[in-house]
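Note that this note's numbering numbers the sequence shown so that position 247 is 310, with each residue one more than the last.
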Amino acid sequence: MNLNNILLKLFKRYASKWLVLAFDLCVVICTFFFAYLIRFNFSLDFNFEYFLRQIPFVTAAALVSFLSVGSHKGVVRFTGIKDIFNNVVGVNILATILIVTTYISRKYDFDTVFDIPGSIIYIHLLLNIFFLAGCKFIIKSIYKSVIYETEINKRVLIYGAGNSGIITHDAITNDTNSHIEVAGFIDDNEHKIGKKINLLNVYSIAKITPDFVKKHTIDEVIISIQNISPKRLLEITNRLFELNLKVKIVPKVQDWIEGNLSVGQIKDINIEDLLGREPIKIINPALYDEYDNQVILVTGAAGSIGSELVRKLCNFNFKKLVLVDSAESPLYDLEQELVQKGIKNVELIVLDVRNRTRLDLVMETNKPNIVFHAAAYKHVPLMEQNPYEAVSVNILGTYNTAQLASKHGVNKFVLISTDKAVNPTNVMGASKRIAEMCGSCLKSTKTKFITTRFGNVLGSNGSVIPLFKKQIDLGGPLTVTHQDIIRYFMTI
């Protein structure tokens with residue numbers, strides 16, 4: 064086993080906070096001795112007995128100071144500005160204690176153990192600040208060098224040398240499981256280009272050439288610019304793709320978990336990120352009254368449209384949210400997402416809407432005020448091959464849900480339909496058109512039946528966009544239903 068492996072095994076263990084405290088106290092004792100040496104011109108021409116008697120008192124004062132600020136609780140390998148600030152505060156408290164006790168000792172003629180020359184105290188203060196910070200940064204540097212030499216899998220550049228870029232750099236360097244080395248920054252600001260941030264060079268995009276990528280063994284670029292326009296993002300990604308670099312993007316600040324960025328949140332570029340215009344965001348205050356203290360049932364809750372609908376409903380003050388879907392794995396994933404966000408009063412039910420008896424029991428038990436019916440089969444070519452399933456789910460499932468909503472006095476029933484129900488030319492479209500008619504047949508009841516039609520949903524499960532992406536990843540070719548076809552997409 065070589066030295067690097069031994070160090071790596073050692074560094075993977077976190078030092079006890081008491082060990083860190085003991086280390087800090089040892090530094091304080093050593094710097095106290097150095098303070099005497101400096102004061103007396105590096106000679107031992109001072110009362111060594113008094114010095115030895117003062118060490119226990121100085122150590123006790125340092126112990127109180129460090130415990131009061133908690134400077135020993137930080138992880139040394141992640142030492143940052145806040146940790147150094149805590150150390151500075153701690154040693155200033157120590158110096159204050161020594162000054163006060165020295166003053167009292169001289170005024171009331173106490174034991175000389177409390178009488179420390181003022182010059183010694185000030186020199187000791189400066190040495191403590193320097194050595195405590197320096198030692199921890201040295202340990203951090205050794206740790207990083209060992210990790211980089213043994214476990215680095217890829218080197219990245221961060222596009223954006225602003226606050227977001229620096230936070231991204233810190234998130235990567237502080238994550239021991241990321242195995243990523245930041246090789247530098249890219250920025251468009253001429254005032255930053257050529258400078259250094261965290262000892263890393265800031266380059267212009269023009270500097271990133273095939274030779275540069277090869278020389279520095281760059282694997283990918285992480286775009287960390289908040290509020291970047293889709294047009295600029297597309298320009299950057301096109302330039303980087305030409306260099307055969309992978310491109311990832313840092314999410315917006317409001318999407319960071321508990322306000323902190325982690326490496327796991329850095330994601331691949333999505334199609335939505337490259338749209339030529341911003342997705343429309345509707346804020347309707349009337350909806351807050353509409354959904355306030357209401358029991359809302361969503362079928363097909365784990366699907367592309369259903370899950371996004373659930374996310375939007377979570378912004379309202381509902382009484383209860385009942386989520387129904389026959390796909391257990393996506394429903395479980397949705398549950399974990401809601402749990403992570405702290406959403407309460409949600410019940411998830413694995414249920415096929417064709418099961419009328421079970422659906423009746425769910426509605427009778429929960430008594431929903433509003434029902435969103437998103438459960439459906441939507442894949443056009445596949446439904447051509449499986450017309451029975453399209454009819455049974457899209458028609459029978461919708462009829463069951465709509466009729467039971469009417470039976471249990473639901474206020475509103477919203478059917479999620481499709482533009483393919485207009486003059487349908489395929490089984491899926493025809494089945495959804497008949498599903499719309501189910502609501503029309505029940506319009507005389509108390510329940511209000513509403514239909515909304517979606518077009519091609521961008522990036523949804525079963526759409527052509529994920530298919531194209533997989534085909535491109537595999538080297539092509541792309542398969543289309545017709546060479547002259549034009550498709551329009553909408554976000555959800």
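Cβ coordinates follow ideal geometry from the N, Cα and C atoms, glycine included.
Can you name, in chain order, every residue of its own chain whose Cβ lies under 7 Å from the Cβ of residue i, other than the five neighbours on each side?
i: A390; result: A365
i: I183; result: A98, Y99, R102
i: E447; result: N489, V490
i: I179; result: Q117, L161, T165
i: L422; result: L414, V416, N463, T464, L467
i: I548; result: none
i: P450; result: V490
Using beta carbons (cut-off 8 Å, strictly below), is residue i in contact with chain B?
i: S128; result: The chain labelled as chain B is not found in the depicted structure, where only one protein chain is given.
Can the beta-carbon of residue i be found closer than 8 Å to that of residue j?
i: I281; j: A246; result: yes
i: V313; j: I286; result: yes
i: F194; j: V90; result: yes
i: E452; j: Y440; result: yes
i: L386; j: L397; result: yes
i: V358; j: N432; result: yes
i: R102; j: I186; result: yes
i: G502; j: T488; result: no
i: F469; j: L411; result: Strictly speaking, residue 469 in this sequence is Ser, with Phe absent from that position. No, they are not a contact pair.
i: I329; j: K315; result: no
i: I557; j: F248; result: Because residue 557 is not part of the residues shown, which for the chain are 64 to 555, the question remains open.
i: F381; j: Y354; result: yes
i: N429; j: L360; result: yes
i: G492; j: A498; result: no
Taking the C-alpha atoms as reference points, what is the distance between residue i and residue j?
i: I299; j: V284; result: 10 Å
i: K309; j: R550; result: 27 Å
i: A437; j: I243; result: 41 Å
i: V416; j: T508; result: 21 Å
i: H471; j: Q399; result: 30 Å
i: A465; j: S480; result: 13 Å
i: L126; j: L88; result: 7 Å
i: C93; j: R295; result: 55 Å
i: I162; j: G181; result: 7 Å
i: I118; j: T164; result: 14 Å
i: R419; j: F531; result: 38 Å
i: S128; j: G197; result: 19 Å
i: A269; j: R302; result: 10 Å
i: N347; j: F379; result: 11 Å
i: G257; j: K533; result: 39 Å
i: L537; j: G133; result: 53 Å
i: L189; j: L157; result: 12 Å
i: R169; j: Y113; result: 15 Å
i: F435; j: K145; result: 49 Å
i: I167; j: N110; result: 21 Å
i: F86; j: L297; result: 51 Å
i: N356; j: N408; result: 11 Å
i: L394; j: S292; result: 34 Å
Who are residue i's beta bridge partners in DSSP?
i: R516; result: S480
i: R218; result: E244
i: K330; result: I312
i: V413; result: D388
i: F435; result: V361, V477
i: Y462; result: In the DSSP output, where bridge partners are listed per residue, Y462 has none listed.
i: F304; result: DSSP, once it has assigned bridges, lists no residue as partnering F304.
i: I286; result: Y222, I312
i: I183; result: Bridge partners of I183: none, in fact.
i: I260; result: L263
Going by beta carbon distance, what residues of the same chain come within less than 8 Å of residue i, once the five residues before and after it are set aside?
i: I192; result: N150, V151, V154
i: K511; result: N474, K475, F476
i: C377; result: L384, L401, K404, I406
i: V425; result: L360, V385, V387, I412, L414
i: S106; result: L100
i: P444; result: T544
Who are the Cβ neighbours of residue i in its own chain at under 6 Å, not counting the five residues just before and after it?
i: V276; result: L306
i: H545; result: none
i: I160; result: A124
i: D482; result: R516, G518
i: Y462; result: C501
i: V454; result: S494
i: V121; result: F95
i: N216; result: H242
i: F304; result: none
i: G223; result: S287, I288
i: R218; result: E244, A246, T280, I281, D282
> What runs of the alpha helix (DSSP H), each 4 residues or longer, lie entirely inside the segment 74-161?
Replying inline: 80-102, 111-132
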